[in-house]
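S.K.: I'd like to ask some things about the structure below.
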Amino acid sequence: MKLKLRVWRQKNNQAKGGFEVYNVEADEHMSFLEMMDVLNEELISKKKEPVAFEHDCREGICGTCNMVIDGRPHGPQKGTTVCQLHMRHYKDGDTITIEPWRVSSFPLIKDLVVDRSAYDRIIQAGGYISVNTGQAPDGNAIPIDKEVSSEAFDAATCIGCGACAAACPNGSAMLFTAAKVAHLGKLPQGKVEHKKRVQKMVGQMDKEGFGFCSNVGACEVECPKEISTENIAMLNRSYLGSMLSTND
Amino acid sequence: MTWILNLLTSSIGRKLVMSLTGLFLISFLLIHLLGNFQLLINDGGESFNTYAYFMTNNPLIKTISYGLYFFILLHAFQGLALAYTNNNRSGGKATGKYAVKTYSNGSWASKNMALLGTFILFFICIHMGDFWWKMKFGDLPMIKYDGFENEVVDLYTRVSVAFDQLWIVIVYLIGLIALCFHLIHGFGSAFQSLGLRHKKYTPLINGFGVVFSILISLGFAAIPIVHYFNN
Amino acid sequence: MSLKNNIPKGPLAEKWTNYKSKMDLVAPNNKRRIEVIVVGTGLAGASAAATLGELGYKVKAYTFHDSPRRAHSIAAQGGINAAKNYQNDGDSIWRLFYDTIKGGDYRSREANVHRLAEVSTDIIDQCVAQGVPFAREYGGLLHNRSFGGVQVSRTFYARGQTGQQLLIGAYQALSRQIANGNVTMYNRHEMLDVVKIDGKARGIITRNLLNGKIESHAAHCVVLATGGYGNVFYLSTNAMGSNVTAAWRAVKRGAYMANPCYTQIHPTCIPVSGEYQSKLTLMSESLRNDGRVWVPKSVKDAQAIQRGEKTGLDIKEEDRDYYLERRYPAFGNLVPRDVASRAAKVACDEGKGVSKTGLAVFLDFASAIQRYGKSAALSQGISDPDAGTVLKLGEKVVEEKYGNLFQMYEKITGENPYKFPMKIYPAVHYTMGGLWVDYNLQTNIPGLFALGEANFSDHGANRLGASALMQGLADGYFVIPYTIGTFLSHEIRTPMISNETPEFKAAEKEVKERIQRLANSQGNQTVESFHRRLGKIMWEYCGMSRNEEGLKKGRQMIRELRKEFYSDVYVPGSDTEYNPELEKAARVADFLEMGEVMMLDALNRNESCGGHFREEFQSQEGEAQRNDADYTYVAAWEWDDENPILHKEDLEFENVELKTRSYK
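Chains as they are written, first to last, in the working numbering: chain H, 1 to 248; chain E, 1001 to 1231; chain W, 2001 to 2664.
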């Protein structure tokens, strides 16, 4: 199939960006990124600069790939990362617009590549259980309700790709932060430092300059792991509760 | 006490303010509507005018009304400040706007709360200028009812006259449509911001919110419409 | 240099305990003055960096990714083994040890593997405490499943995303140490050289991938946890960025590459669909617990399927060959990976492949759906269910067990695996070979350690399912924190290492020249095209089956390709900016040397064992034939531009008897 791509090109953070139009010949069995590979191979063979985009595992789990395709982070397929999106969902003659994540806390590096280290810093602020290697009791010492464990798991499936903030009209990182707070806060092991964790993570999230959640719900729709905004409610509840109940 | 400041200036704390003030304003709307239904009683305005007298002279209610004005302003300005900041976090100067916008995600209302809210704020100004201002500082005629000690302002006639004009009725209807959409998102959102969410109850709350928003807007809308057609 | 494996004396089961009791320690006040570099932040690297940070060392951690959480450990699906015996099915440390030694076709070190089995139980405890949401039973206790090549259920898992959950656990532990200031994290820094001072590894040279800056980083020792080299085959289940560069740079500085020819070909991957294919996707081995592997009995039927005239459903039961069940009745579809992969290749070589390319076999869940459907109906009190009910209930059970895998399969192939049997084909997945290390995980360069897939140590010639995660975390959490002390306890008087010594300057200069040479390459072919061609050579001559003639030819072809690469590759952009093509060029350049050593090693090993199958050495039924008399050794290669030099470490088996592996 023949496709027309409108791709955002921007040399670096300071440079002015804009769309370039490319024609590319794709096969329906290709993944979206393989189609981008074809484009880049062509550009390189014409001695032009290839489109910079990030990708790694191409299995939908590492969270590296990130593009807004026709206005939707990770493209039109529900619960799918760009790397798992396949060209059979497009037809001959389609025009596809490809843009980077546009979030002020994810500064642009080049073309479609942005800096998502803000998410790392949110985790560093408290997204862990403080247990040193060797301190752990037996794995079966604390039974955990299968349902609770499963809810924690649903939150823990977050791949840290940033689609939630990219989809949010406010550029908010609430779903990301909430997913980690819920993952750890639901488990008995993580309950111990839950209150402090919530305060520290929200503090860092605010410091990074992410926008304010206004409960639009676009994050949940675009999340490739379909993480629920129920976690955001839990984050709100936990944060208010911890601010009102801790001693300091 | 810095913790209060920390709480109220944090992203979630500021949403807490929006949520609590919003819920307060929703409860006010309900009371306001129930009171105003007296405009539909066919008694020449007696019950409405005496009710209005009570509402403007009872010290407790007067105190609450100052709280109300404060909360309206807090809700409005906090909301506008949030919207201004949010706009710079995505789609602002730093990042540029997405070239392709899809509206499949999130309701239109949820993304335009600030716009709707601004509209409602203007409407409230017109509304208060029309009645509240006139009643407090204007020279509306006084009227004396049997069995009622004091002379009261004849606000009823003022309302009736106002709703005689089609353009005012239309302004009100537009204001109420904005209110309806604002409430549809705001009602459920307020609970979410407070962290009150449950698989069993949230659908009920959200469903109730939609019905409530529509009914309350229809209820308010009935007043100018009925007056317009009665005259 | 002789290869001293430094295995402690004493009975096998007591070696590790005794070692820990008697090893030299570094006191807390000294730890604060000792710097450790950890390269790579996958399971092994992140867990090592975190644990060393907890112990009080000053750690510097490096990843070429934008975040430590992206490492490819994240993609492991199936699970992690541990000898917990929670299922009361007769598991023990000895049995896990034995299964792993046997699974590795008797080409790994007894002492290392036993230590791995010992610490396996601690890993589970540690991960649970970190919040890893392992599968649980209704009573709230941990659940296990069985995996290929073993007869007990000892695999802990987290849906189909075990690697992700374990890596996030390690990443969180690492993040905590970064926040505490014990670990300094360098994202988007690719290691391009090891620096030796007076024979000891004292630092690394990195390239900042954002601006191309070449930097020197010094420390008292260097730990490499940089993964495997499966991408030498171009198409593999590895991530696009996975590479051999860090390990290979160590080899160029004198470290030995051990058993490079041991490559694991995973039997259940989604088949190749076209020339443009960039990578292969694995379907968890756990699918073989319920899926039955088959091809049509007749070539005619297979050809009809290849032409698209028939589907798997059109082949009658009696016309199907469930070849694994037929050939290996004891283990059936659960034979180890190397055996299952080779059997698929045999079937396809006979012309019985079932995709357009002829390179695929069926993995069929129809009978599992029937079986589960019937028992689900019974448990719901339906004693005489109709076919529709059975199908519906059965599909539901299968969905619960494998839903996300089925979904992934459908996303990629566009075919519904509940209706049509899945098509699978083997693909390069894991490399058992790696940097040679002793019992302390130290390479032959003092102060240079290698962990996880980057070393060669625990899997022998073949790795069993669910043991890579176990090894990565064992090395990082429970082995290196102790064994690094054997080196560092002698370094407590060494002051902080400066990164401005002549050795660093010289290495920096070399790296700069190498990068500039690549950046200035103005030939006509893309880096990708060279990589693809290298992959084809590797797969053809050093893939699932190898022979002397092919290996010799392959080696020659690689040498020619390498020459062509340096004369005709084109790298766009400059070396002072974010330039993914330049990164790729440097990695492919190293693969072009690594591939040659693999061919050489495969040629040297005149036997078939595990992932290494030499056509000359097979039984009449086509099973692998080992040569224990001559090849019970680790082949460790020292690089030389003309002829790499072989060093041997003899493997001594004092506790297990070497047998022919039989899964019949």
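Cβ atoms here follow ideal geometry from the backbone N, Cα and C, with glycine treated the same way.
Since the model is a prediction, treat every value here as computed from it, not as a measurement.
When you check each C-beta in the stretch 138-161 of chain H against every C-beta of chain E, which residues fall closer than 8 Å?
M.R.: Cβ contacts with chain E come from no residue of the stretch 138-161 of chain H.
S.K.: Look at the alpha carbon of Phe1131 (chain E) and the alpha carbon of Gly1079 (chain E), and state the distance between them as a whole number of angstroms.
M.R.: If I take the Cα positions, the gap works out to 26 Å.
S.K.: As an exercise, report each continuous beta strand (DSSP E) stretch of at least 3 residues that is fully enclosed by the stretch 2022-2077 of chain W, in chain order.
M.R.: Here the runs fully enclosed are 2035-2039, 2058-2062.
S.K.: For the stretch 2221-2251 of chain W, which residues have a beta carbon sitting closer than 9 Å to at least one beta carbon of chain H?
M.R.: Cβ contacts with chain H: Thr2237, Asn2238, Ala2239, Met2240, Gly2241, Ser2242.
S.K.: Between the C-alpha atoms of Gly1138 (chain E) and His1227 (chain E), what's the straight-line distance to the nearest angstrom?
M.R.: If you take the alpha carbons of Gly1138 (chain E) and His1227 (chain E), they lie about 22 Å apart.
S.K.: When you compare only the Cα positions, how much space is there between Ile1223 (chain E) and Ile1031 (chain E)?
M.R.: Rounded to whole angstroms, Ile1223 (chain E) to Ile1031 (chain E) spans 15 Å at the Cα level.
S.K.: Which class does Met2257 (chain W) belong to by DSSP, given the choice of helix, strand or coil?
M.R.: Looking at Met2257 (chain W) - three-state DSSP - the assignment turns out to be strand.
S.K.: I want to know whether the stretch 2191-2198 of chain W touches the stretch 2508-2518 of chain W - three or more CB-CB distances under 8 Å.
M.R.: The answer is yes - the stretch 2508-2518 of chain W touches the stretch 2191-2198 of chain W, with three or more Cβ pairs under 8 Å.
S.K.: Strictly by DSSP, which residues pair up with Asn2081 (chain W)?
M.R.: DSSP lists W:Thr2155 as partners of Asn2081 (chain W).
S.K.: Short of 7 Å Cβ to Cβ, which residues in the stretch 173-199 of chain H face chain E?
M.R.: The stretch 173-199 of chain H vs chain E, Cβ under 7 Å: nothing.
S.K.: So, is the C-beta of Ser31 (chain H) closer than 9 Å to a C-beta in chain E?
M.R.: Not an interface residue.
S.K.: Taking 9 Å as the CB-CB cut-off, is His86 (chain H) touching chain W?
M.R.: Interface residue, yes.
S.K.: Who are the neighbours of Trp1132 (chain E) on chain H, taking C-beta pairs under 9 Å?
M.R.: What Trp1132 (chain E) touches in chain H: nothing, since even the nearest Cβ is about 30 Å away.
S.K.: Assuming the contact rule is C-beta atoms closer than 8 Å, Tyr2570 (chain W) and Gln2525 (chain W) should be a hit. Round their C-beta distance to whole Å, please.
M.R.: At roughly 6 Å, the Cβ-Cβ gap stays under 8 Å, so Tyr2570 (chain W) and Gln2525 (chain W) are in contact.
S.K.: Helix, strand or coil, according to DSSP, for Asn2088 (chain W) in the structure here?
M.R.: It is coil, neither helix nor strand.
S.K.: Where in the stretch 1037-1092 of chain E do unbroken runs of the alpha helix (DSSP H), each at least 4 residues long, occur, reported from the N-terminal end onward?
M.R.: Runs found: 1046-1057, 1059-1089.
S.K.: Could you tell me the alpha carbon to alpha carbon distance between Pro50 (chain H) and Leu3 (chain H), rounded to whole angstroms?
M.R.: Spanning the two alpha carbons is a distance of roughly 17 Å.
S.K.: Residues of chain E with CB under 8 Å from Phe210 (chain H), in chain order?
M.R.: Ser1011, Arg1089, listed in chain order.
S.K.: Just checking: is the beta-carbon of Arg2166 (chain W) within a distance shorter than 9 Å of some beta-carbon in chain H?
M.R.: The amino acid occupying residue 2166 (chain W) in the given sequence is Leu; Arg does not appear at that position. For Leu2166 (chain W), the answer is no, since every Cβ of chain H falls outside 9 Å of its Cβ.
S.K.: With 16 other CB atoms within 10 Å as the buried threshold, where does Thr2576 (chain W) fall?
M.R.: Exposed.
S.K.: DSSP three-state call for Leu240 (chain H): helix, strand or coil?
M.R.: Here Leu240 (chain H) sits in helix by DSSP.
S.K.: Cβ atoms of Ala2468 (chain W) and Ile2265 (chain W): under 9 Å apart, would you say?
M.R.: Taking 9 Å as the Cβ cut-off, Ile2265 (chain W) and Ala2468 (chain W) do not qualify as a contacting pair.
S.K.: For Phe1119 (chain E), which residues from the same chain have a beta carbon less than 6 Å from its beta carbon, with the 5 sequence-adjacent residues on both sides left out?
M.R.: Hits under 6 Å: Ala1178.
S.K.: Name, please, each residue of chain W whose Cβ falls closer than 8 Å to the Cβ of Lys47 (chain H).
M.R.: Tyr2570, Pro2572, listed in chain order.
S.K.: Could you name the residues of chain E that Ser130 (chain H) contacts, counting a contact when the two beta carbons are closer than 8 Å?
M.R.: Under the 8 Å cutoff, chain E gives no residues; its nearest Cβ is about 23 Å from Ser130 (chain H).
S.K.: Taking Gln1165 (chain E) as part of the alpha helix (DSSP H), name the residues at either end of that continuous run.
M.R.: Run containing Gln1165 (chain E): none; DSSP gives neither H nor E here.
S.K.: Just checking my contact of Arg2337 (chain W) with Gly2040 (chain W) at CB under 8 Å: how many whole Å lie between their CB atoms?
M.R.: Not quite, the Cβ-Cβ distance comes to about 24 Å (not below 8 Å), so this is no contact.
S.K.: Can the beta-carbon of Leu1173 (chain E) be found less than 9 Å from the beta-carbon of Ile1225 (chain E)?
M.R.: The answer is yes: Cβ separation under 9 Å.
S.K.: On a Cα-Cα basis, can you pick out the residue from W:Ala2158, W:Ala2173, W:Gly2351 that is closest to Ala2075 (chain W)?
M.R.: For Ala2075 (chain W), the nearest C-alpha among the options comes from W:Ala2158.
S.K.: Skipping 5 residues on each side, what residues in its chain have a beta carbon closer than 7 Å to that of Gly2622 (chain W)?
M.R.: Contacts found: Val2346.
S.K.: So what does DSSP say about Ser150 (chain H), is it helix, strand or coil?
M.R.: Residue state, collapsed to three classes: helix.
S.K.: Three or more C-beta pairs closer than 8 Å, one from the stretch 2009-2019 of chain W and one from the stretch 2111-2122 of chain W: is that the case here?
M.R.: In short, these stretches touch, since the Cβ pair count reaches three.
S.K.: So the alpha helix (DSSP H) Cys334 (chain H) belongs to, where does it begin and stop?
M.R.: Residue 334 (chain H) lies beyond the stretch modelled for chain H, which goes from 1 to 248, so this question has no answer here.
S.K.: Quick one: is Arg2326 (chain W) buried, meaning 16 or more other Cβ sit within 10 Å of its Cβ, or exposed?
M.R.: Exposed, since its Cβ has fewer than 16 Cβ neighbours within 10 Å.
S.K.: I'd like to know whether the C-beta of Cys62 (chain H) is nearer than 9 Å to at least one C-beta of chain W.
M.R.: For Cys62 (chain H), the answer is yes, since a Cβ of chain W falls inside 9 Å of its Cβ.
S.K.: Taking Thr2184 (chain W) as part of the beta strand (DSSP E), name the residues at either end of that continuous run.
M.R.: It spans 2183-2186 - the beta strand (DSSP E) in which Thr2184 (chain W) sits, taken as one unbroken run.
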